[in-house]
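Take any residue in the sequence shown, count from 1 to its spot, add 16: that is its number in the working numbering.
Beta carbons are placed, not taken as given, at the ideal position from N, Cα and C, and that holds for glycine.
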Amino acid sequence: MPKKPAPDLAATLKAIDDRLAKLEAASRPAAARGTDPRKYWLLDHVARSGAKGGEVAYGGSVTTPTGEQYLWQRQAGGKDLFARDWQGVDRVLAALGHPVRLAILKTLLEGRQAKADLERIAGLGTTGQLYHHLKALEEAGWVRTLERGVYGVPGERVVPLLAILLAAAG
Numbered sequence: 017m018p019k020k021p022a023p024d025l026a027a028t029l030k031a032i033d034d035r036l037a038k039l040e041a042a043s044r045p046a047a048a049r050g051t052d053p054r055k056y057w058l059l060d061h062v063a064r065s066g067a068k069g070g071e072v073a074y075g076g077s078v079t080t081p082t083g084e085q086y087l088w089q090r091q092a093g094g095k096d097l098f099a100r101d102w103q104g105v106d107r108v109l110a111a112l113g114h115p116v117r118l119a120i121l122k123t124l125l126e127g128r129q130a131k132a133d134l135e136r137i138a139g140l141g142t143t144g145q146l147y148h149h150l151k152a153l154e155e156a157g158w159v160r161t162l163e164r165g166v167y168g169v170p171g172e173r174v175v176p177l178l179a180i181l182l183a184a185a186g
């Protein structure tokens, strides 16, 4: 009986390696497949977390026009986010849903924190309207009274605010 020729070892190893690579690629989450690690570094990190239901993350390192630096990051499992009660979040988001309130926040982040600076914001009619908007922003945690007549954005809210603006801008 004739012997079958011995398979080329290099070709066999290459075939095994190719098949293994395909199997590993198929087992990765869809978001991580074929992503450019320089462009999608966050997606690669999230995919490696292995969290059931995925993961959502954001963060930033920001220097404001006044030179203050803020570092912040946050992540949560997708499963946890869907299981949470979303009540109460509407109030926090609604506080951002007015152009004058966004102008107040931008003005504060630019370093103009006195009541007199805020009264000059375009579209703001009266001092009463200013206090109405400041109250809504304070109740939602976006603004804090630093001293009488002086306001600021709490440090722990700077990056989340900018992340929301980035997400809303598309």
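By Cβ distance below 6 Å, which residues in the same chain neighbour residue i in space, the five residues on each side in sequence not counted?
i    : result
Q129 : V166, Y167, G168
K38  : none
Taking C-beta to C-beta, are residue i and residue j nearer than 8 Å?
i    : j    : result
A5   : G94  : Outside the shown range of the chain, which is 17 to 186, sits residue 5, and nothing can be said about it.
L189 : V78  : Because the chain in this structure spans residues 17 to 186, residue 189 falls outside the shown range and cannot be described.
I120 : L150 : yes
L146 : L162 : no
Y74  : G171 : no
V108 : G157 : yes
Would you report the Cα separation of residue i and residue j, rounded to the nearest angstrom?
i    : j    : result
E84  : A132 : 22 Å
R35  : L29  : 10 Å
P81  : E71  : 32 Å
G76  : G127 : 19 Å
A152 : S65  : 37 Å
G69  : W102 : 18 Å
R136 : R164 : 18 Å
A99  : R173 : 24 Å
A184 : L178 : 10 Å
T143 : Y56  : 46 Å
L58  : L182 : 15 Å
E154 : H148 : 10 Å
D96  : A27  : 47 Å
T31  : K122 : It should be noted that the sequence gives Ala, not Thr, for residue 31. Looking at the two C-alpha atoms, the distance is approximately 58 Å.
G141 : A110 : 20 Å
Can you tell me whether residue i is buried or exposed? The criterion is at least 16 other CB atoms within 10 Å of its CB, across all chains shown.
i   : result
R54 : exposed
L25 : exposed
Cutting at 8 Å between CB atoms, please list the residues of its own chain near residue i, excluding the five before and the five after it.
i    : result
G139 : P115, V116, A119
P176 : Y74, W88, R90
On the three-pair Cβ rule with 8 Å, is the region 72 to 91 touching the region 102 to 115?
no
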